[in-house]
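Heads up: the sequence lines are chains A, B, C, D, E and F, in that order. The opening position of the first sequence corresponds to residue 24 in my numbering, with each subsequent residue numbered one higher. The opening position of the second sequence corresponds to residue 24 in my numbering, with each subsequent residue numbered one higher. The opening position of the third sequence corresponds to residue 24 in my numbering, with each subsequent residue numbered one higher. The opening position of the fourth sequence corresponds to residue 24 in my numbering, with each subsequent residue numbered one higher. The opening position of the fifth sequence corresponds to residue 24 in my numbering, with each subsequent residue numbered one higher. The opening position of the sixth sequence corresponds to residue 24 in my numbering, with each subsequent residue numbered one higher. Data block below; observations after.
There are 6 protein chains.
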Amino acid sequence: MPSVPPVEYADAGPEVRAVYDDMMRTRGTDWINNFWKALAHHPPTLKRTWESVKEVMAPGTIDALTKEMVYLAVSATNNCEYCIASHTAAARRAGMTDAMLAELLAVVGMANETNRLASGYRVDVDERFKAAR
Amino acid sequence: MPSVPPVEYADAGPEVRAVYDDMMRTRGTDWINNFWKALAHHPPTLKRTWESVKEVMAPGTIDALTKEMVYLAVSATNNCEYCIASHTAAARRAGMTDAMLAELLAVVGMANETNRLASGYRVDVDERFKAAR
Amino acid sequence: MPSVPPVEYADAGPEVRAVYDDMMRTRGTDWINNFWKALAHHPPTLKRTWESVKEVMAPGTIDALTKEMVYLAVSATNNCEYCIASHTAAARRAGMTDAMLAELLAVVGMANETNRLASGYRVDVDERFKAAR
Amino acid sequence: MPSVPPVEYADAGPEVRAVYDDMMRTRGTDWINNFWKALAHHPPTLKRTWESVKEVMAPGTIDALTKEMVYLAVSATNNCEYCIASHTAAARRAGMTDAMLAELLAVVGMANETNRLASGYRVDVDERFKAAR
Amino acid sequence: MPSVPPVEYADAGPEVRAVYDDMMRTRGTDWINNFWKALAHHPPTLKRTWESVKEVMAPGTIDALTKEMVYLAVSATNNCEYCIASHTAAARRAGMTDAMLAELLAVVGMANETNRLASGYRVDVDERFKAAR
Amino acid sequence: MPSVPPVEYADAGPEVRAVYDDMMRTRGTDWINNFWKALAHHPPTLKRTWESVKEVMAPGTIDALTKEMVYLAVSATNNCEYCIASHTAAARRAGMTDAMLAELLAVVGMANETNRLASGYRVDVDERFKAAR
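Structure (structure tokens):
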């Protein structure tokens, strides 16, 4: 059970409804997932978080599918069950195939392994990497 | 100072040299970075890790640049200084621009934020996400 | 199912009962939560952990409610389901309202975001911050 | 060296200067720390992040000092060197004493310990905690 | 529900069956756990991961039981529910008693606590530790 | 620079000196490392942490070397620079060879990899693992 009661559309005030409406319009969907219904308990957090997500996830020099896969990579690294579930769904909607999921998670696993090898051996950063921008 | 002395090419045995040679050939470079010189202290780890990285990072259904950006996203999430430095360099070599770096880190930051909001509010996974593959 | 059978009061030896009694007295409650029943399988861990928690969480220059909110902030960052559940309950008992929970998690989310931006961009620590105590 | 060149006030465009000005005015300071100079390379990230931080860190039902201490608690948990340095400084400016720092870090340490005991023992969430809001 | 359908032995192709057979032979068991059935969806990941695990977990200068306990220590630190469950079972098969589990988790908890105290206080690495190999 | 001035033996009060003396006697050394000098700023934290570490790290059903290696495994997973340095030194004093360090870090790396594969694929815990104690 979530820490605050989820806010359903029917019970929402105008500030929350405006965010829900924009969310469904932007995504082309007709429902709101539980994450946002929890945030809606505190409308400023709902509005700020949604506007930030909308801005950050919009296609730019990186396309929408790649952004969703990066989101999933971070969520798998942090072991966030809700986020893995929701961003796997989002990445699939954006075009991620089973093979792409497998390759993505292989990279995530490998990065998590070599991160600890580098830290555990206390490897010095190469001068060339320090200088590089 | 690293926990084990780095193994330079000149001092390496044939097993380590074979890996170093394959690494430089595969990457089209003429030097070995400190991470591998530390692993070389234990040749089976060097060989296994390199072969795994080579297999995982090869372009497949996900291209090489995207894979490097995912590697960087994981390393930034884990706050691994060496890995952030080396994979920023690798991603730039593969074509990542300043604008792409900025968009990538914006997604990484946002994912780390919403991961904690989802966990902190104990949000239930939506039935649609559970069912989705 | 936990990795060890929980130790109920009725089945506990005198060393465990003494800790349980002190815990209920200190907290003004009449039950023991599952965390302690697991630790009770190894009485020295139960006793040491309880005495440490009791000392650390006692009001001092920081009040009890703030300490509980910090505990929850750490648990949300680590994504520990049990700990989020138990410390949300503890913070509420100490006076945390829905609005405070929302503000707390907003700070936790923001800190987790900017932590990765600072690491990902490899930002140098400002001289003024190094010098500051 | 950071991954992008820091943007100094003298070299900044009007969009970045507007954020820098608001930041110094809000904080009552006359300098910009390195974190923001890195973000300024991508003005939309600078603007969005600053506005979010300003909103989230403003005193509300939780006071400014407590919010800074929570920020520091998260940064210590994530082991983010830059963030620990900058938010220790910010918390001290807001009134954190040495004794408060010690008590804060004691809670952070204890929470990180018991988080792993709860996870490691696979403790079931108590029914009372599930039901509680 | 996992993100990909688990691959059962009866439905597996020869490449996957070869790995499953080697796994059961190496472990002296007659079943495959869900982790591998998920990886089997992408046979190269299954094969590479199994061969790496088999090599890394084989007794060497560190015995098999100690290696399993280290695996469990990492999994508890990362709060990975599946991994804690599977490696608790593996460690028990290798000889870990209840008392050993309790001592192991006590070390894991303590290390997670002092890690944050060291980071939070920004403790300088002692010269003797820098020099030591 | 640490967040609080380190407390040297010569400047320490009797409560801190008593801990320092016990620490040097227990370890058979004649110096105090920086971690404890930072904690000494808050004597109750120094005393509580030292007594906990002494109890937890004493040989029991798990020997002292294994405990030090587990401490190092956790510290590498958390990427705590100070802790990796100090516990590598401690493990070496307790008998860890270069080969053992290499095998230890290989297990740590592998566990961090498979932890993310298990989470990322949302693998269901096998019934046999749930039932097992």
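Note that CB positions come from ideal geometry on N, CA and C, so glycine has one too.
Interface flag, residue i vs chain B, CB-CB below 9 Å
i      : result
D/N101 : yes
F/D121 : yes
CB contact below 9 Å: residue i versus chain A
i      : result
E/T72  : yes
C/G132 : yes
F/E104 : yes
B/A61  : yes
Limits of the unbroken alpha helix (DSSP H) element including residue i
i      : result
E/Y144 : Looking at the DSSP string, E/Y144 is not in any alpha helix (DSSP H), and its letter there is neither H nor E.
B/N56  : Segment: none, B/N56 is in no alpha helix (DSSP H) and carries neither H nor E.
C/M80  : 66-80
A/P116 : A quick correction: the sequence has Arg, not Pro, at residue 116 of chain A. Element bounds for A/R116: 104-116.
D/T89  : 87-101
Candidates the options, of which the one nearest residue i by Cα
i      : options                        : result
F/A129 : E/V27, E/V76, E/A122, E/W59    : E/V76
F/T89  : F/R156, F/F152, F/E126         : F/E126
C/V146 : D/R151, D/R116, D/E104, D/T111 : D/E104
B/N138 : A/T49, A/F58, A/A33, A/D44     : A/F58
C/V131 : D/R116, D/M119, D/M80, D/Y144  : D/M80
E/N56  : E/E74, E/P29, E/H65, E/E78     : E/P29
A/Y144 : B/Y43, B/A63, B/R50            : B/A63
C/A113 : D/A87, D/K153, D/P66, D/D34    : D/K153
D/A35  : D/H65, D/T52, D/R48            : D/H65
C/M119 : C/M133, C/A41, C/A87           : C/A87
Neighbour flag for residue i against chain D, beta carbons, 9 Å
i      : result
C/G51  : no
F/V39  : no
F/S109 : no
A/A154 : yes
Residue-level contact to chain F via CB, residue i, 9 Å cutoff
i      : result
D/L124 : yes
B/S26  : yes
A/L140 : yes
C/E31  : no
Contact under 9 Å by Cβ, residue i with residue j
i      : j      : result
C/M92  : D/I107 : no
F/A61  : F/P25  : yes
C/L124 : C/H110 : no
D/L140 : C/T68  : yes
C/N102 : E/N135 : no
A/M27  : C/D121 : Sequence inspection shows Val at residue 27 of chain A; the Met mentioned does not correspond to that position. Taking 9 Å as the Cβ cut-off, A/V27 and C/D121 qualify as a contacting pair.
B/K148 : A/T100 : Just to set this straight, residue 148 of chain B is Val in the shown sequence, not Lys. No.
B/R116 : A/R156 : no
B/W54  : A/R151 : yes
B/E31  : E/R71  : no
F/D193 : F/W73  : No statement about residue 193 of chain F is possible, as the shown extent of chain F runs from 24 to 156 and does not include it.
C-beta neighbour in chain C for residue i, strict 9 Å
i      : result
E/A113 : no
B/E136 : yes
A/T68  : yes
B/G36  : no
B/G143 : yes
Proximity test, Cβ basis, 9 Å: residue i and chain E
i      : result
F/A129 : yes
A/D147 : no
F/Y94  : yes
F/V42  : no
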